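One structure is given here, and the rest of the page talks about it.
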Amino acid sequence: MDRYEGLEKVQYIGPFLFWLLAEKGDRWRPVADYLGDMLKAFPQLPLATSPVSYASAEQQANWVLDSRLIRLCRILGLIELNPEYARFRSEDQQMMRRTALFEGVFVRV
115 MDRYEGLEKV QYIGPFLFWL LAEKGDRWRP VADYLGDMLK AFPQLPLATS
165 PVSYASAEQQ ANWVLDSRLI RLCRILGLIE LNPEYARFRS EDQQMMRRTA
215 LFEGVFVRV
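Below, the structure written as structure tokens:
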């Protein structure tokens, strides 16, 4: 549906994102840091992308992680994006942190 065929295995990265949020999601951090951590942990993901002239394989993988994982967590109320950064104007500066709902479900005190 999102034109990223061949990247169905992104769903397996979800638990790793939950771990990242449990470990360092208590403060505002750049979304790009989380995406970078996921690509470091799963370096084979960019290899599954289809070559296109307008974006590198790593950029495509970042787009998939953002559209499938970050947005889903936001819709489910597990993360919040910093309202200081408009979604399209400052997307590369966007910050996120876990919500109280995430902490209640996934974080042990």
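Going letter by letter, the sequence shown gives residues 115 to 223 in my numbering. No residue lacks a Cβ here, since even glycine has one placed at the ideal position from N, Cα and C. Since the structure is predicted, the reported quantities are computational estimates derived from the model, not experimental observations.
Are the beta-carbon atoms belonging to L149 and D180 less than 8 Å from one another? In contact: L149 and D180 (Cβ atoms closer than 8 Å).
How would you call R185, buried or exposed, if buried means at least 16 neighbouring beta carbons within 10 angstroms? Counting C-beta atoms within 10 angstroms of its own C-beta, R185 has fewer than 16 neighbours from the protein chains shown and is therefore classed as exposed.
In the DSSP assignment, what are the bridge partners of M209? Note: M209 sits in a beta bridge opposite P144.
By how many angstroms is the C-alpha of L135 removed from the C-alpha of M210? Between M210 and L135, the C-alpha separation is close to 10 Å.
Beta-bridge partners of L161, as assigned by DSSP: DSSP, once it has assigned bridges, lists no residue as partnering L161.
For D84 and W177, I'd like the C-alpha separation in whole angstroms. Not covered by the structure: residue 84. The range shown for the chain is 115 to 223.
Please classify L192: does DSSP put it in a helix, a strand, or coil? Note: L192 maps to coil in three-state DSSP.
Enumerate in chain order the residues of its own chain whose CB-to-CB distance from L195 is below 8 Å, with the five nearest sequence positions on each side excluded. Counting only residues of its own chain and dropping the five nearest sequence neighbours on each side, L195 has a CB closer than 8 Å to the CB of V145, R188, R201, Q208, M209, M210.
Using a 10 Å radius around the Cβ and a threshold of 16 neighbouring Cβ atoms, would you call L161 buried or exposed? Its Cβ having fewer than 16 others within 10 Å, L161 is exposed.
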